[in-house]
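Every number in our numbering is 2 more than the matching position in the sequence shown, counting from 1. Beta carbons: idealized from backbone N, C-alpha and C, even for Gly. So the structure is just underneath, and the comments pick up after that.
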Amino acid sequence: MLTTSKIEEIRARIKTWKNKGESVAFVPTMGNLHAGHICLITEGTRRADHVVASIFVNPLQFGPQEDLDGYPRTLEADQQKLVEAGCELLFLPTPEIIYPHGLATQTYVEVPGLSDQLCGASRPGHFRGAATVVCKLFNIVQPDIALFGRKDYQQLQIIRTMVEDLSMPVEVMGVDTVREPSGLALSSRNGYLTAEERAKAPALKRTLDDLAERIQHGNTIADALAHANTALQQAGLRPDYVEIRHAHTLAPVTDTDKELVILAAAYLGKARLIDNLVFNR
Ligand code: PAF
């Protein structure tokens with residue numbers, strides 16, 4: 003696997019593939035790779051002739067009080083996992099390469115509406131930062147297909163909208179969340195949990211399952227949500243939000259909507275956990 007921080011090197015390697023008519027799958031990451039990321043790479047190997055990954059802890063998507071400096075960086079282990087999974091090219095840029103003129107004057111991409119709610123309400127500027135770096139990475143790699151985890155459901159919808167709104171020639175594919183046997187969704191931020199918190203964390207997924215079941219059994223959304231918030235608190239988590247939205251648009255649910263998604267975020271010690279559940283009523 004070629005690892006490079008140089009945009010020209012990435013472009014040159016990809017050009018040789020494209021000149022032969024070969025396709026490219028792309029998996030952007032912030033590193034600290036776990037089995038969820040590896041599933042994205044594996045799916046990429048099935049969907050395209052070559053898989054390219056990036057590791058870049060993107061400062062533009064972290065708020066001033068967030069964990070940019072402490073974000074786990076595990077490059078050697080990441081490289082080994084990428085090689086084993088079949089990734090052929092790793093883009094490993096520095097912030098100076100991605101943002102040569104600094105962050106303050108960086109041109110940005112914003113998907114309005116979708117970016118300001120749910121996680122965007124608690125993390126102002128986060129989705130603008132994520133959309134901007136993904137747009138830049140797409141311009142550098144020019145993949146045929148890009149793969150993202152469904153765990154970051156709102157991010158996935160935002161990237162899909164960006165690609166559609168800006169007519170980007172990339173197919174965006176969502177890949178199912180990988181979970182621990184306890185149900186806890188894999189996340190780089192799970193590493194912040196103490197052993198005691200780890201034992202509490204699966205309550206998030208359990209609460210989402212229970213919430214979906216209550217709605218399918220005819221409970222009102224308001225009652226089911228109130229119950230879910232209480233359940234999370236009783237389990238020792240501090241809910242940031244629990245919401246039910248239209249599964250595709252993330253718009254507030256109307257009486258006729260059948261395809262729904264529950265989205266939730268909750269604090270547990272140093273970690274902010276997110277999860278979601280798509281279901282039909
Ligand atoms: O999901 C992530 O890890 C990041 O938001 C992404 C898509 C790599 C952009 O920095």
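Going by DSSP in three states, residue i sits in which element: helix, strand or coil?
| i | result |
| --- | --- |
| residue 301 | The displayed coordinates of the chain run from 3 to 283. Any statement about residue 301 would go beyond what the structure contains. |
| residue 52 | strand |
| residue 269 | strand |
| residue 38 | helix |
| residue 263 | strand |
| residue 227 | helix |
| residue 77 | helix |
| residue 278 | strand |
| residue 194 | helix |
| residue 111 | coil |
| residue 187 | strand |
| residue 180 | coil |
| residue 61 | helix |
| residue 92 | strand |
Over what stretch of residues does the alpha helix (DSSP H) that includes residue i continue unbroken?
| i | result |
| --- | --- |
| residue 251 | Segment: none, residue 251 is in no alpha helix (DSSP H) and carries neither H nor E. |
| residue 155 | 155–167 |
| residue 206 | 205–218 |
| residue 140 | 128–143 |
| residue 237 | Note, residue 237: premise wrong, no alpha helix (DSSP H); not H, not E. |
| residue 123 | 121–124 |
Establish whether the CB of residue i and some CB of chain B are separated by less than 8 Å.
| i | result |
| --- | --- |
| residue 217 | Checking the listed chains, one finds no chain B in this structure; it contains a single protein chain. |
Let's test the definition: count the other Cβ atoms within 10 Å of the Cβ of residue i and tell me whether it reaches 16, buried, or not, exposed.
| i | result |
| --- | --- |
| residue 282 | exposed |
| residue 52 | buried |
| residue 105 | exposed |
| residue 46 | buried |
| residue 130 | buried |
| residue 193 | exposed |
| residue 50 | buried |
| residue 118 | exposed |
| residue 17 | exposed |
What residue range does the beta strand (DSSP E) around residue i cover?
| i | result |
| --- | --- |
| residue 30 | 26–31 |
| residue 173 | 173–177 |
| residue 148 | 147–151 |
| residue 6 | 4–6 |
| residue 70 | No beta strand (DSSP E) contains residue 70, which DSSP labels as neither H nor E. |
Please find out if some non-hydrogen atom of the ligand PAF comes closer than 7 Å to the beta-carbon of residue i.
| i | result |
| --- | --- |
| residue 278 | no |
| residue 30 | yes |
| residue 141 | no |
| residue 80 | no |
| residue 60 | yes |
| residue 172 | no |
| residue 156 | no |
| residue 108 | no |
| residue 132 | yes |
| residue 63 | yes |
| residue 54 | no |
| residue 136 | yes |
Notebook entry, point to check: Is the stretch 203–214 touching the stretch 58–65, taking contact as three or more C-beta pairs under 8 Å?
Noted result: no
Note to self: Contact between the stretch 88–102 and the stretch 146–155 is defined here as three or more beta-carbon pairs at a separation below 8 Å; is this criterion met?
What the structure shows: no
Next item on the list: Take every Cβ of the stretch 108–119, pair it with every Cβ of the stretch 30–43, and state whether three or more of those distances are shorter than 8 Å.
Entry: no
Item checked: Cβ contact (3+ pairs, closer than 8 Å) linking the stretch 217–224 and the stretch 62–81 -> no
Check: Are there three or more Cβ pairs, one per stretch, closer than 8 Å when the stretch 234–243 is compared with the stretch 265–279?
Finding: yes
Notebook entry, point to check: If we count Cβ pairs, one from each stretch, closer than 8 Å, do we get three or more for the stretch 250–257 versus the stretch 121–129?
Noted result: no
Margin query: Taking 8 Å as the cut-off, does the stretch 141–148 touch the stretch 167–175 (at least 3 CB pairs, one atom from each stretch)?
Written below: yes
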